[in-house]
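Engineer: Residue numbers (our numbering): 1 to 436.
1) Quick check on residue 435: does DSSP put it in helix, strand or coil?
2) Hey, could you find the ends of the beta strand (DSSP E) residue 120 is sitting in?
3) Which term fits residue 239, buried or exposed, when burial requires 16 or more other beta carbons within 10 angstroms of its beta carbon?
4) Quick one: residues in its chain with C-beta nearer than 7 Å to the C-beta of residue 437, no 5 flanking neighbours on either side, listed in chain order?
5) So, at 8 Å on beta carbons, what are the nonlocal neighbours of residue 298 in its own chain, with the 5 sequence-adjacent residues on each side left out?
6) To test your reading of the DSSP string, which unbroken beta strand (DSSP E) runs of 3 or more residues are found completely within the segment 143-176?
7) Do you know offhand how far residue 151's Cα is from residue 83's?
8) When you compare each of 6, 264, 123 and 229 to residue 43 by their alpha carbons, which one comes out closest?
9) Near residue 142, which residues of its chain fall below 7 Å by C-beta distance, leaving aside the five closest residues on each side in sequence?
10) Count Cβ pairs between the segment 220-236 and the segment 246-255 that sit closer than 8 Å; are there 3 or more?
11) Would you mind reading off the limits of the beta strand (DSSP E) that contains residue 47?
12) Using a threshold of 8 Å, state whether the C-beta atoms of residue 184 and residue 163 are closer than that.
13) Would you tell me roughly how many angstroms separate the C-alpha atoms of residue 171 and residue 180, rounded to the nearest one?
14) Would you check if the segment 44-56 and the segment 73-80 touch, i.e. whether three or more CB-CB distances between them fall below 8 Å?
15) So what does DSSP say about residue 355, is it helix, strand or coil?
16) Would you report the Cα separation of residue 249 and residue 40, rounded to the nearest angstrom?
17) Is it buried or exposed for residue 73, if we count other Cβ within 10 angstroms and need 16 for buried?
18) If residue 370 sits next to residue 415, beta carbons under 8 Å apart, how far is it from one beta carbon to the other, in whole angstroms?
19) Could you spell out the range, first to last residue, of the beta strand (DSSP E) harbouring residue 7?
20) Are the segment 219-230 and the segment 191-204 touching by the rule of at least three beta carbon pairs closer than 8 Å?
21) Measuring CA to CA, which of 264, 191, 139 and 226 is closest to residue 21?
22) Which residue wins for smallest C-alpha separation from residue 358, given the options 381, 241 and 331?
23) Leaving out five residues before and five after residue 418 in sequence, what residues of the same chain have Cβ atoms less than 7 Å from its Cβ?
24) Measuring alpha carbon to alpha carbon, tell me which residue in 407, 193, 402 and 322 is nearest residue 348.
25) To the nearest angstrom, how far is it from the Cα of residue 19 to the Cα of residue 124?
26) When you compare only the Cα positions, how much space is there between residue 432 and residue 268?
27) To test your reading of the DSSP string, which unbroken beta strand (DSSP E) runs of 3 or more residues are found completely within the segment 403-433?
28) Between the Cα of residue 208 and the Cα atoms of 182, 46 and 31, which residue gives the shortest distance?
29) Answer with buried or exposed for residue 191, where buried requires no fewer than 16 other C-beta atoms within 10 angstroms of its C-beta.
30) Taking the alpha-carbon of residue 147 as reference, which of 410, 108, 315 and 158 has the nearest alpha-carbon?
31) If contacts are defined as beta-carbon pairs under 8 Å, then residue 284 and residue 422 qualify, I think. What distance do you get, rounded to the angstrom?
32) Alpha carbon to alpha carbon, how far is residue 393 from residue 428? Give it in angstroms, no decimals.
33) Could you tell me the alpha carbon to alpha carbon distance between residue 75 and residue 246, rounded to whole angstroms?
34) Can you tell me which of the three DSSP states residue 72 falls into?
35) Could you tell me the distance, in whole angstroms, from the CA atom of residue 193 to the CA atom of residue 312?
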């Protein structure tokens, strides 16, 4: 059986680890892969799944609505919400579901948040808000209000509920629960909150659909004020489990949810523990690594510097005296030695991927490939006597041609830095590392 996730930005998607863990715990033998789809190909997604023999798929933005017209059946909750996030194909017939509805249910129950008879203020009126509105409506919330900067648009998009502006929201004296469905506060913009945090004192509960970070500024402020508070990570996990239930027909309980939830929390922590920058010499791994570490509050380590400290001599002298094989072994030891630390950005050597032991080790790590053209790389390293393996442009071309497939195979994310400065590259990495 073959399953996967469809989207346009999936470098740091949490779907593969969550679904693979769920299948592992349920002893299900199936594949789960990532399928990045270009916008121009979105009109043929479901037919492509059929052709590829894929049994089911999760669908992420921006394709949750586009695929609906391609389906043979759409579930009731997906019709209410106006989008789907799960496809199941049986005998060529494609059915669409929205498991966010059930993820919201599990999240609210986990947070001890009661719906029946209570009022809810929803920040933002987009697609995520629609799923929240559908669940709250079905479960007898006494009043649902969408808070939006564009009140008229919010009303047009959500005609069944009351709407108000943020200025009007600040006039609310008391309410039960405030739900953030906007991206404000999501990594890397972790110092932001969708509302002034002092306003939380008017409520008894707070929900944030953001899950990176799990504790946003909004959620932390809610907890400090004694509110019931929960982030979107539990929703993310449980909506994935429900998708697996649709595909495989198993039952699950709170204990099972918690197993996958705790695994996911640990996976996120590990993913952010160490970042390896890979790429050819001259790609700026050191300068970009320093900037990235500084902006993310992490430690920076340059592997070449560590090797020189270990050997008590320069890299050039190591090559001249002991040869490349000896250097690669030192390099491997230095890379592995740093991996045990938390919160580290590591700038690797350009040739580390050519050493089998190092390549195998990096296969399971969080690698980011910094890519540049041959002309740019050569202009940066031409005449640099400290670069022991490249003396001509032809030599550089040959080495890069041999290494690039390895860089690409190892990378979770590739950044083409040709037209970008260090600050732009750093921001792009942070944005992609949001993990969603």
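Heads up, the beta-carbon is just placed ideally off N, CA and C, and yes, glycines get one too. In this text the structure is predicted, and so the values were computed from the model without any measurement.
Structural biologist: According to the structure data:
1) Only weak support is given to the placement of residue 435: the predicted model assigns it a pLDDT of 45, under 50, and the value that follows is read from those uncertain coordinates. Coil at residue 435, not helix or strand.
2) Boundaries of the beta strand (DSSP E) around residue 120: 119-123.
3) Classification for residue 239: buried.
4) Residue 437 lies beyond the stretch modelled for the chain, which goes from 1 to 436, so this question has no answer here.
5) A distance below 8 Å between beta-carbons, with the five flanking residues on each side excluded, links residue 298 to the following residues of its chain, in chain order: 275, 292, 343, 344 and 345.
6) Counting only runs that start and end inside the segment 143-176, the beta strand (DSSP E) elements of at least 3 residues fall at 143-147 and 162-164.
7) C-alpha separation (whole angstroms): 22 Å.
8) Among 6, 264, 123 and 229, the Cα nearest to that of residue 43 is on 6.
9) Result list for residue 142: 117, 118 and 119, in chain order.
10) No, they do not touch.
11) For residue 47, no beta strand (DSSP E) segment is defined; the enclosing uninterrupted segment is the alpha helix (DSSP H) at 45-52.
12) Residue 163 sits away from residue 184, with the two beta carbons spaced by 8 Å or more.
13) When only Cα atoms are considered, residue 171 and residue 180 end up about 18 Å apart.
14) No, because fewer than three Cβ pairs between the segment 73-80 and the segment 44-56 fall closer than 8 Å, the two stretches do not touch.
15) If DSSP states are grouped into helix, strand and coil, residue 355 belongs with coil.
16) Here the alpha carbon of residue 249 sits roughly 34 Å from the alpha carbon of residue 40.
17) Exposed.
18) About 6 Å; that satisfies the 8 Å criterion.
19) Under the DSSP assignment, residue 7 falls in the beta strand (DSSP E) whose first and last residues are 2-7.
20) Yes, they touch.
21) Of the candidates 264, 191, 139 and 226, 264 places its Cα closest to the Cα of residue 21.
22) For residue 358, the closest of 381, 241 and 331 by C-alpha to C-alpha distance is 331.
23) Take residue 418, set aside five residues on each side of it, and the residues of its chain with a beta-carbon closer than 7 Å to its own are 372, 373 and 376, in chain order.
24) The shortest C-alpha separation from residue 348 is found at 407.
25) When rounded, the distance between both Cα atoms is 29 Å.
26) So the two alpha carbons sit approximately 14 Å from each other.
27) Listed in chain order, they are 411-416.
28) Checking every option, the nearest Cα to that of residue 208 belongs to 182.
29) Result: exposed.
30) Of the candidates 410, 108, 315 and 158, the one whose C-alpha sits nearest the C-alpha of residue 147 is 158.
31) The Cβ separation is near 7 Å, so the contact holds.
32) Taking the straight line joining both Cα atoms gives about 29 Å.
33) Per the coordinates, the alpha-carbon of residue 75 lies some 12 Å from the alpha-carbon of residue 246.
34) Secondary structure of residue 72 (DSSP, three-state): coil.
35) Going by C-alpha positions, residue 193 is about 49 Å away from residue 312.
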